[in-house]
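The structure under discussion appears below in the form of structure tokens.
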Amino acid sequence: MNTASEGSRPNGRRKAVRAGSAADPLSLPDPLELDLSTAEDRIVVAEWSRRIPPIMARIPVVRIGRRWVNTLWILPISVALLIIGIAVAQQLRTYPAVQHFIDTYPGQGRFQPPVTTGFPVWLRILHFLNLLFMLFIVRAGIQILADHPRLQFDAGSTPGREWLRLRGPVPPDRMCQEPPGHAWTAKDDAVGLPRWLGLPGIRHSIGLARWWHFSFDLLWLITGLVFYVLLFTTGQWQRLVPRSWDVVPNAISTGLQYLSLEFPANQGWTQYNGMQILAYFVAVFVAAPLAFITGLLQAPAIAARFGMGWGRINRQVARCVHFFVLLYFLFFILIHTVMVYITGLMVNLNHITTGMNTAAWTGLWLYVLWMTVVVVAWFSASPLTLRYPRVVQKTGRLVVGWAKWLLEWGDPRATYPERAISPFFWPNGTLPTSQAYIDLRNNDFRDYTLRVDGLVEKPATLSFDQLKAMPKQEQITQHYCIQGWSGIAKWGGVPMRDIVALVRPLPQARWAVFYSFAPGGEGGRYYDAHDITHMQHHLTMLAYEMNGEPLNELHGAPLRLRNELELGFKHVKWIEAIEFVESFSHLGAGQGGYNEDHEFYGYRQSI
Ligand SMILES: Nc1nc2c(c(=O)[nH]1)N[C@H]1C(S)=C(S)[C@@H](COP(=O)(O)O)O[C@H]1N2
Ligand SMILES: [Mo]
Numbered sequence: 001m002n003t004a005s006e007g008s009r010p011n012g013r014r015k016a017v018r019a020g021s022a023a024d025p026l027s028l029p030d031p032l033e034l035d036l037s038t039a040e041d042r043i044v045v046a047e048w049s050r051r052i053p054p055i056m057a058r059i060p061v062v063r064i065g066r067r068w069v070n071t072l073w074i075l076p077i078s079v080a081l082l083i084i085g086i087a088v089a090q091q092l093r094t095y096p097a098v099q100h101f102i103d104t105y106p107g108q109g110r111f112q113p114p115v116t117t118g119f120p121v122w123l124r125i126l127h128f129l130n131l132l133f134m135l136f137i138v139r140a141g142i143q144i145l146a147d148h149p150r151l152q153f154d155a156g157s158t159p160g161r162e163w164l165r166l167r168g169p170v171p172p173d174r175m176c177q178e179p180p181g182h183a184w185t186a187k188d189d190a191v192g193l194p195r196w197l198g199l200p201g202i203r204h205s206i207g208l209a210r211w212w213h214f215s216f217d218l219l220w221l222i223t224g225l226v227f228y229v230l231l232f233t234t235g236q237w238q239r240l241v242p243r244s245w246d247v248v249p250n251a252i253s254t255g256l257q258y259l260s261l262e263f264p265a266n267q268g269w270t271q272y273n274g275m276q277i278l279a280y281f282v283a284v285f286v287a288a289p290l291a292f293i294t295g296l297l298q299a300p301a302i303a304a305r306f307g308m309g310w311g312r313i314n315r316q317v318a319r320c321v322h323f324f325v326l327l328y329f330l331f332f333i334l335i336h337t338v339m340v341y342i343t344g345l346m347v348n349l350n351h352i353t354t355g356m357n358t359a360a361w362t363g364l365w366l367y368v369l370w371m372t373v374v375v376v377a378w379f380s381a382s383p384l385t386l387r388y389p390r391v392v393q394k395t396g397r398l399v400v401g402w403a404k405w406l407l408e409w410g411d412p413r414a415t416y417p418e419r420a421i422s423p424f425f426w427p428n429g430t431l432p433t434s435q436a437y438i439d440l441r442n443n444d445f446r447d448y449t450l451r452v453d454g455l456v457e458k459p460a461t462l463s464f465d466q467l468k469a470m471p472k473q474e475q476i477t478q479h480y481c482i483q484g485w486s487g488i489a490k491w492g493g494v495p496m497r498d499i500v501a502l503v504r505p506l507p508q509a510r511w512a513v514f515y516s517f518a519p520g521g522e523g524g525r526y527y528d529a530h531d532i533t534h535m536q537h538h539l540t541m542l543a544y545e546m547n548g549e550p551l552n553e554l555h556g557a558p559l560r561l562r563n564e565l566e567l568g569f570k571h572v573k574w575i576e577a578i579e580f581v582e583s584f585s586h587l588g589a590g591q592g593g594y595n596e597d598h599e600f601y602g603y604r605q606s607i
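Okay, here's the thing in structure tokens:
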């Protein structure tokens, strides 16, 4: 970051000294390591992610035919439909046949025998925890969406093919490869959100949002499993699982009764009506598992394991379905809350707080107490995240890091056919600016050399010709950017396992660090550390070709990494050197890579 504030940052000084005394105290500081920058442990909003101005999301627009329609239209349209619906329902109820139908199917039926044991304490506790968890999951989820503010079904995320977006189109004149500095990057495309809505709101804060999202996902998953087990061992499941098809006419009947504003009797204490049970059933047994599955399908390690990067069920489809699940939950929470309020608030609140079928005030107080907790959490989450981002990163790593590590053991096998290659491939990152790089490029990289050293038996300096003379490998794989877009390309280059065989890392080497010629967005050299075991994988390679052509400057010439288990930001472009180390804690801010240091990403990114 800027040198003016260097002195005021104790962290900056400490790291500079430590860089010199790396793994071996006798060795001189490595010039590559010294080029790395330290990073703040807190976010100064005015300086955050410098390259991008704070552009905010707009109200989402959806494509209908060729037109983009503001989603706010849903509000007046819903009100109009509701009013018409009420009129229609009231008219319908004057017909004897309809009256007879409602008498036959009043709402309750054989589909749910009465449960007379009330709401047990575990159910009441889980219900409120669920609300708190949802708050974090939803807000962080929307923040993740805002980092690639478009939804499309197309595996290549081609601009112009989205059906929903939170900003205008990608400027057509910037969908170019040349000049590389003019290209519209995925980072240019990210938008910010109000801080009460997104978590933490500011533009391109996906690294932090993901820690919240995944940590609470895990808690939600665990409590969800506990909920399932207790549900089925106590008989409470009968409230949620319809047992016969008469649930359908009963649901239609209750729908009609609600709509006509002559509500059916509230028997929620023992028996849900048809509409209720279906709404709950879908939330618990359809939407929740679908959220989990479509979340996982977006992980490179999973998709690359099962070949789901392309075809009907690709990452972008999973992302869209994940979004539909969000809409269902939001709709559910809205209607659920409204119904709790208008069908006998005091009694309803006692059901779910004290577990008693009374209208006592205790229910209301307990509810107000919990909602206070929720509101305080709501308004403090973003400010605290911006104040203590490093804490969020480290806590998140503690909570979900192990799951990412487990997934890294997956075997990325998926390669795709030629016709899967994406017509458009989003670029990302900050281009190299150094004279050394420009000189190499102007000479078609003929003088380029790759330095491979660190904890190895035989350090090597390989010329571009030597690299190209090594056995060449080609693969068509999918690239997954943390921001949400994906694209398939054909890569040609040198397998990393051949490089490893050449230099022979020492037994204590645990990480392969890739240093770029390019700076990161906030200054200092871009770099990233990879688990050494991934270097043996047959799909891990240094690519010098993309789609059958020499790799161009925008996509990382002369060399860029491919590690198909990991998200895109770990695929270092414009590689200058590779160093094998035992630990990365002395590099940069010690988090394992440039984005890990500056944007609080995790160093394992199989999800
Ligand atoms: N040196 C360097 N490498 C980088 C980046 C960067 O900013 N600097 N961005 C990363 C990110 S976030 C992604 S998604 C991919 C994008 O590769 P592409 O431009 O070929 O699509 O490069 C990665 N490699
Ligand atoms: Mo990325």
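Each residue of the sequence shown is one higher than the one before, counting from 1 in the working numbering. Each residue gets a CB set at the ideal place from its N, CA and C atoms; glycine is no exception. Since this is a predicted model, take the numbers as computed values, not measurements.
Exercise for the section: Go ahead and label Gly492 buried or exposed: buried means 16 or more other beta carbons lie within 10 angstroms of its beta carbon, across all protein chains shown. Expected result: buried
Exercise for the section: From the DSSP output, read off the bridge partner residues of Arg63. Expected result: Trp68
Exercise for the section: Would you mind stating whether Trp485 and His213 have Cβ atoms separated by less than 8 Å? Expected result: No, they are not a contact pair.
Practice task
Flag this pair as touching only if the stretch 189-196 and the stretch 51-60 have three or more C-beta atom pairs under 8 Å; answer yes or no.
Solution key: yes
Practice task
Determine the direct distance from the alpha carbon of Leu131 to that of Leu330, and round the result to whole angstroms.
Solution key: 11 Å
Practice task
Flag this pair as touching only if the stretch 238-252 and the stretch 215-228 have three or more C-beta atom pairs under 8 Å; answer yes or no.
Solution key: no
Handout entry: Ranges of the beta strand (DSSP E) found wholly within the stretch 451-519, counting only runs of at least 3
Key = If we require 3 residues or more, the beta strand (DSSP E) runs fully inside the stretch 451-519 come out as 460-463, 473-480, 486-495, 511-519.
Handout entry: Assigned secondary structure, Glu599 (DSSP; H/G/I helix, E/B strand, else coil)
Key = Here Glu599 sits in coil by DSSP.
Handout entry: Three-state secondary structure assigned by DSSP to Pro25
Key = Here Pro25 scores only 45 on pLDDT, less than 50, and its place in the model should not be relied on; the value that follows carries that caveat. Note: Pro25 maps to coil in three-state DSSP.
Problem - CB-CB length for Thr158 against Ser422, believed under 8 Å - result: 7 Å
Handout entry: Any non-hydrogen atom of ligand 1 within 7 Å of Pro427 CB
Key = Yes - ligand 1 has a heavy atom lying nearer than 7 Å to the Cβ of Pro427.
Exercise for the section: Tell me where the beta strand (DSSP E) around Asp103 begins and ends. Expected result: Counting along the chain, Asp103 falls outside any beta strand (DSSP E), though it belongs to the alpha helix (DSSP H) covering 96-104.
Handout entry: Pair within 8 Å by beta-carbon distance, Ile607 and Leu407
Key = Yes, the pair counts as a contact, with Cβ atoms nearer than the cut-off.
Handout entry: Cβ neighbour criterion (16 or more within 10 Å) applied to Gly556
Key = buried
Practice task
Check whether the Cβ atoms of Tyr603 and Gly592 sit closer than 8 Å, and answer yes or no.
Solution key: yes
Exercise for the section: Give the single residue among Asn348, Gly198, Pro114 whose Cα lies nearest to the Cα of Trp237. Expected result: Of Asn348, Gly198, Pro114, the smallest CA-CA separation from Trp237 is found for Pro114.
Exercise for the section: Using alpha carbons as the reference points, say which of Trp184, Lys490, Phe285, Thr254 lies closest to Arg93. Expected result: Minimum Cα distance to Arg93 is reached at Thr254.
Exercise for the section: Report the rounded CA-to-CA distance for Leu231 versus Tyr280, giving the unit in angstroms. Expected result: 13 Å
Handout entry: Whole-Å CB distance - Tyr105 paired with Pro249, under 8 Å assumed
Key = 4 Å
Practice task
Could you say which of Asp444, Gln90, Asn348 lies nearest to Tyr272 if we only look at CA atoms?
Solution key: Asn348
Practice task
Could you work out which residue in Leu462, Val500, Glu582 is closest to Glu576 when comparing CA atoms only?
Solution key: Leu462
Practice task
Take Asn547 and list the residues in its own chain whose beta-carbon comes closer than 7 Å to its own, dropping the five residues that flank it on each side.
Solution key: Ile421, Ala489, Lys490
Practice task
Would you check whether ligand 2 has a heavy atom nearer than 7 Å to the C-beta of Gly568?
Solution key: yes
Exercise for the section: Between the Cα of Val44 and those of Val98, Leu386, Ala512, His530, spot the shortest distance and give me the residue it belongs to. Expected result: Leu386
Problem - Distance, Leu256 Cα to Trp269 Cα - result: 22 Å
Practice task
Flag this pair as yes or no: are the beta carbons of Gly487 and Trp574 separated by less than 8 Å?
Solution key: no
Exercise for the section: Note down, in chain order, each residue of its chain lying with its Cβ closer than 8 Å to the Cβ of Gly520, except the 5 sequence neighbours on either side. Expected result: Ser37, Thr430, Tyr526, Tyr594, Asn595, His598
Handout entry: Meets three-Cβ-pair contact criterion under 8 Å: the stretch 292-304 and the stretch 313-328
Key = yes
Exercise for the section: Determine, using beta carbons only, whether Val325 and Leu278 come nearer to each other than 8 Å. Expected result: When the beta-carbon positions are compared, Val325 and Leu278 stay at least 8 Å from each other.
Exercise for the section: Tell me whether His530 sits in a helix, a strand or coil according to DSSP, three-state version. Expected result: His530: strand per DSSP, three-state reduction.
Problem - Glu566 and Gln605 closer than 8 Å at C-beta - result: yes
Problem - Where Tyr544 falls: helix, strand or coil (DSSP) - result: strand
Problem - Thr449 in three-state terms, based on DSSP - result: strand
Practice task
Out of Met175, Pro179, Ser205, point me to the one whose CA is closest to Leu145's CA.
Solution key: It is Ser205.
Handout entry: Burial state of Met496 (16 or more Cβ within 10 Å)
Key = So Met496 counts as buried.
Practice task
Determine the direct distance from the alpha carbon of Lys472 to that of Thr540, and round the result to whole angstroms.
Solution key: 12 Å
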